[in-house]
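To start, the structure itself, in structure tokens.
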Amino acid sequence: MHELSVTQNILSIALKHAGQAESITDIYLVIGQLSSMVDDCIQFYWDIISEGTIAQGARLHFKRLPAMMHCQHCQTEYPLHETSFVCPTCATTNVVLVSGDEFYVESIQVQGDPI
Amino acid sequence: MNIPVVEKILSSNDTLADENRAMLDAAGVFGINMMASPGAGKTSLIEMTLQRLGGELRLGVIEGDLATSLDAERAQRAGATAIQINTGGNCHLEAYMIRDALRQLPLSELDLLIVENVGNLVCPANWKLGTHKNILVASIPEGDDKPYKYPGMYRGVEAVVINKVDLLPYVPFRMDYFKQGIEVLNPGVEIFSLSCRTGEGMEAWLTWLKGLRQ
Ligand SMILES: Nc1nc2c(ncn2[C@@H]2O[C@H](COP(=O)(O)OP(=O)(O)O)[C@@H](O)[C@H]2O)c(=O)[nH]1
Ligand SMILES: [Mg+2]
Ligand SMILES: [Zn+2]
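Read top to bottom, the protein sequences are chains A and B.
Heads up: the first sequence runs through residues 1 to 115, numbered per the numbering used here.
Heads up: the second sequence runs through residues 1 to 214, numbered per the numbering used here.
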């Protein structure tokens, strides 16, 4: 359900940055694994809410970033695991999450002059 | 032509949250966003807190719920100035909903405002409300694997309350494993183990709450 308000936000960010461009053809999104967003849901709402705007028909590109852990003891980087945070190399828990929270519009592709 | 953007998708919510914060600060109200899965004991903790601090602090409560106003009635009975937000199916509260609620509350007559978010361990973490602290209420029967399954939720909070410790003798729950998960995701976060049923552990929580308003 929350994908609706997320999609509205994506649209307004894209429109703001497109300025006077004729159309927006592509929108590049970066979404970390820990952001609970369903691509299909966003796409579904997108088709509805972008109608009648210069972003109608724009392709949404989802760059999914995995949640990665970093071991501060032995410097191993490894993907977040669902049942244990123990470092697979040195078995310590001296580890931190270094990515996976991302949730932003990276860039847009437009036709025509934005200014 | 490619236009670099790099703008957080929820930045408009963040802006509204900042405005909410300013409104709370201007009125001298300390705000708390309480998140949890359904049934963890958010409303119970609010009731217990009211019972114990009601004489010292003036509490306001904003209840977020999918459809009913039962929780607001519970908070009112316990002595709070409470209002209900029905999200109409939305799985989390957003800053604009809090802004509307703040306008309806007598902020100058309050010291502490607790927002009970919609019961959900996934979505609420992404939407800042403008409160000063975000807290998560976990509970023993939910199991000790929750930090591992819902890391996003445990990342963005300043305190974790582990409720229903009275059930520890009856439910398998590895406290060390649970706390280790929290510590990795959110080093140094405050953790309170307590029971809203027996009152065990409540003192530390209340002391922390009172300390926030300095
Ligand atoms: N055993 C036990 N039950 C509790 C405790 N706190 C709350 N409950 C029960 O858990 C259920 C859900 O509590 P509630 O406060 O409505 O949860 P909420 O959905 O998070 O607001 C109720 O039946 C409460 O009586 C506790 O510390 N111990
Ligand atoms: Mg409740
Ligand atoms: Zn290691």
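Beta carbons: idealized from backbone N, C-alpha and C, even for Gly.
Bear in mind that the values here come from a model prediction, so they are computed numbers and not experimental data.
Endpoints, the alpha helix (DSSP H) within which residue i is located
{"i": "Pro151/B", "result": "151–155"}
{"i": "Thr7/A", "result": "3–18"}
{"i": "Glu183/B", "result": "175–185"}
{"i": "Lys210/B", "result": "202–212"}
{"i": "Ile98/B", "result": "95–104"}
{"i": "Lys42/B", "result": "42–53"}
Inter-residue Cα distance where the pair is residue i and residue j
{"i": "Lys149/B", "j": "Arg174/B", "result": "15 Å"}
{"i": "Glu190/B", "j": "Met153/B", "result": "15 Å"}
{"i": "Ile46/B", "j": "Thr131/B", "result": "16 Å"}
{"i": "Pro172/B", "j": "Phe85/A", "result": "20 Å"}
{"i": "Asp71/B", "j": "Val118/B", "result": "11 Å"}
{"i": "His92/B", "j": "Ser99/A", "result": "24 Å"}
{"i": "Ala21/A", "j": "Ile115/A", "result": "7 Å"}
{"i": "Tyr96/B", "j": "Cys196/B", "result": "31 Å"}
{"i": "Ser12/B", "j": "Asn9/A", "result": "7 Å"}
{"i": "Ala138/B", "j": "Cys71/A", "result": "27 Å"}
{"i": "Asp100/B", "j": "Asn86/B", "result": "12 Å"}
{"i": "Thr93/A", "j": "Ser107/A", "result": "37 Å"}
{"i": "Phe44/A", "j": "Cys74/A", "result": "44 Å"}
{"i": "Leu212/B", "j": "Phe30/B", "result": "8 Å"}
{"i": "Gly54/B", "j": "Leu206/B", "result": "11 Å"}
{"i": "Ser44/B", "j": "Thr198/B", "result": "12 Å"}
{"i": "Glu63/B", "j": "Ala18/A", "result": "39 Å"}
{"i": "Thr76/A", "j": "Pro147/B", "result": "21 Å"}
{"i": "Arg58/B", "j": "Asp39/A", "result": "44 Å"}
Beta-carbon proximity of residue i to residue j, cut-off 8 Å
{"i": "Lys128/B", "j": "Asp25/B", "result": "no"}
{"i": "Gly60/B", "j": "Ala36/B", "result": "no"}
{"i": "Leu185/B", "j": "Leu97/A", "result": "yes"}
{"i": "Thr7/A", "j": "Ile54/A", "result": "no"}
{"i": "His2/A", "j": "Asn20/B", "result": "no"}
{"i": "Ser23/A", "j": "Val105/A", "result": "no"}
{"i": "Ile32/B", "j": "Ile98/B", "result": "no"}
{"i": "Asn163/B", "j": "Gly41/B", "result": "yes"}
{"i": "Asp166/B", "j": "Glu200/B", "result": "yes"}
{"i": "Thr89/A", "j": "Ala58/A", "result": "no"}
{"i": "Ile27/A", "j": "Ala14/A", "result": "yes"}
{"i": "Ser35/A", "j": "Phe103/A", "result": "yes"}
{"i": "Leu80/A", "j": "Met68/A", "result": "yes"}
{"i": "Glu116/B", "j": "Met1/B", "result": "no"}
{"i": "Ala125/B", "j": "Gly156/B", "result": "yes"}
{"i": "Leu29/A", "j": "Lys63/A", "result": "yes"}
First through last residue of the beta strand (DSSP E) which encompasses residue i
{"i": "Leu34/A", "result": "No beta strand (DSSP E) contains Leu34/A, which DSSP labels as neither H nor E."}
{"i": "Glu73/B", "result": "Taken as a continuous stretch (DSSP letters only), Glu73/B belongs to no beta strand (DSSP E), being part of the alpha helix (DSSP H) at 70–77."}
{"i": "Glu106/A", "result": "103–111"}
{"i": "Glu190/B", "result": "190–193"}
{"i": "Leu97/A", "result": "95–99"}
{"i": "Ile140/B", "result": "That residue, Ile140/B, is in no beta strand (DSSP E); it is neither H nor E in DSSP."}
{"i": "Tyr78/A", "result": "77–79"}
Counterpart residues of residue i in DSSP-defined beta bridges
{"i": "Ile114/B", "result": "Ile32/B, Val61/B"}
{"i": "Lys133/B", "result": "Ile32/B"}
{"i": "Thr81/B", "result": "Gly60/B"}
{"i": "Glu7/B", "result": "Val105/A"}
{"i": "Val161/B", "result": "Val137/B, Phe192/B"}
{"i": "Ile24/A", "result": "Val110/A"}
{"i": "Asn2/B", "result": "Gln109/A"}
{"i": "Asn86/B", "result": "Asp65/B"}
Extract the residue ranges of the beta strand (DSSP E) inside the stretch 44–71 of chain A, only unbroken runs of 3 or more that lie entirely within it. 59–65, 68–71
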